[in-house]
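If you count by the working numbering, then the sequence shown holds residues 170 to 397, one letter each, in order. Structure first, commentary second.
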Amino acid sequence: MLANILVVEDDEAIRCIVKKYLQVNGFKVLEASDGLQAMVIIKTQNIDLVILDILIPHLDGFTVCKYIRESNTVPIIMVTAKSTDHDKLKGYDLGADDYVVKPFNPQVLVAKVKAMITRANRGSNIDFINLGGVCLNSSAQTVIADNQEITLTYKEYQLLKILMKNAGRVFTREQLLNKVWGYDYQGSLRTVDTHIKRLRNKLGTQSKHIVTLIKSGYKFEAKDDKFK
170 MLANILVVED DEAIRCIVKK YLQVNGFKVL EASDGLQAMV IIKTQNIDLV ILDILIPHLD
230 GFTVCKYIRE SNTVPIIMVT AKSTDHDKLK GYDLGADDYV VKPFNPQVLV AKVKAMITRA
290 NRGSNIDFIN LGGVCLNSSA QTVIADNQEI TLTYKEYQLL KILMKNAGRV FTREQLLNKV
350 WGYDYQGSLR TVDTHIKRLR NKLGTQSKHI VTLIKSGYKF EAKDDKFK
């Protein structure tokens, strides 16, 4: 089955180029030229990944990203001319999974899309992981903590899955960045810290299982007796 990619971009020339490259690589493409159109498509269509510009009419990309994350874990790649660290961190805080700055190479964008779709599909074949009051169901792409289902972004989900699958093992920030964002990612290691912080907030009392080791990295500690 073809993956459905939603391209949200008000510049028709850029949107057409991205659409062409995606279609050549076997993806089905849906288009939106503004934030309102994007939200309608998200509500009514089954979308596997969103390529989202920030500076779009009616509702900007940040607003659309926040709306998507209220109920959907679909991967989001922001494509924008806003290249400051502040804007990137704001996008990540709202739930974006990756960031591509204009002007960009369409082949690089397609490579990122392929990598995200592949990781999402690979992860869907893994069984339940149930550790320390946190249950991760990869087939349903759900996480339950304290008997409550929580909504995670694609990157948050991937981070948690890696840590839980390797409970007790310490991962450096660089290792997590490479595993979740890919070796070609050019962002800061702070990206990992930002996502871990959001992940802990969503896990509530079960956030105690994600342990920070100063100057080392992070691990998932499943033994409750350590915290008594």
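Built from N, CA and C at the ideal position, the CB exists for glycine as well.
Query                                                                                                      : Result
Own chain, CB closer than 6 Å to residue 298, minus 5 neighbours either side, in chain order               : 305 and 333
Alpha helix (DSSP H) runs contained entirely in the region 194-246, provided each spans 4 or more residues : 204-213 and 230-238
Coarse secondary structure for residue 383, derived from DSSP in three states                              : coil
Nearest neighbour of residue 238, chosen from 218, 251 and 390 [CA to CA]                                  : 218
Simplified DSSP assignment, three categories, for residue 362                                              : helix
Touching by the beta-carbon criterion (3+ pairs, under 8 Å), the region 217-237 and the region 257-274     : yes
Segments of 3+ residues assigned as beta strand (DSSP E) that fall wholly inside the region 244-303        : 245-249, 267-270 and 297-300
Heavy atom of the ligand NAP within 7 Å of residue 175 beta-carbon                                         : Because no ligand of any kind appears in the structure shown, any question about the ligand NAP cannot be addressed here.
Euclidean distance between Cα positions of residue 241 and residue 267                                     : 16 Å
C-alpha gap between residue 388 and residue 341, whole angstroms                                           : 9 Å
Given 8 Å, three or more beta-carbon pairs between the region 173-189 and the region 270-285               : yes
Reduced DSSP secondary structure (H/G/I, E/B, other) of residue 305                                        : strand
Proximal residues to residue 227 (C-beta, below 6 Å), its chain only, five neighbours per side dropped     : 203, 204 and 205
Cβ neighbour criterion (16 or more within 10 Å) applied to residue 140                                     : In this structure the chain extends from 170 to 397, so residue 140 is not present and cannot be described.
C-alpha gap between residue 211 and residue 229, whole angstroms                                           : 15 Å
Residue nearest to residue 348 in terms of C-alpha spacing, selected from 209, 284 and 172                 : 284
Same chain, Cβ closer than 8 Å to residue 369, five either side skipped, listed in chain order             : 376 and 379
Whole-angstrom distance between residue 350 and residue 223, CA atom to CA atom                            : 20 Å
Rounded C-alpha distance that separates residue 371 from residue 381                                       : 17 Å
DSSP beta-bridge partners of residue 175                                                                   : 199 and 219
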